[in-house]
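Asks:
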Amino acid sequence: MKHLEHLSIINIAGEDADEFLQGQMTQDTQSINDGLFHLTSFCNVQGRVISTALIHRSEDLFRLILNMI
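The working numbering numbers the first residue of the sequence shown as 2 and each following residue consecutively.
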């Protein structure tokens with residue numbers, strides 16, 4: 002097993018988590034299937050990509066895996 006020091010995991014949970022994330026990233030939170038990872042991006046106000054991430058959903062819990070900055 003290899004330690005991936007360059008990656009971070011962020012957990013976002015709660016009944017409003019999908020609404021919060023919907024306004025923060027390019028992936029439609031309603032289309033994220035339980036158990037699968039999806040690629041998403043975070044953009045600045047000009048629409049340029051700041052960061053990419055993988056997002057996973059399990060009911061009201063979202064898990065983001067992204068590069069540490």
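Glycine included, each C-beta is placed from N, C-alpha and C at the ideal position.
Since this is a predicted model, take the numbers as computed values, not measurements.
What residues match up with THR27 in a beta bridge as DSSP calls it?
Replies: According to DSSP, which records beta bridges pairwise, THR27 is partnered with nothing at all.
Asks: Does the distance from the CB of LEU8 to the CB of ILE66 come in under 8 Å?
Replies: yes
Asks: From the DSSP output, in three-state form, read off LEU22 for me.
Replies: helix
Asks: Can you tell me where the beta strand (DSSP E) with SER9 in it begins and where it stops?
Replies: Run containing SER9: 8 to 14, per the beta strand (DSSP E) assignment.
Asks: So who's on the other strand from LEU68, going by DSSP bridges?
Replies: Note that residue 68 is Asn in the sequence shown here, rather than Leu. Note: ASN68 sits in a beta bridge opposite LEU8.
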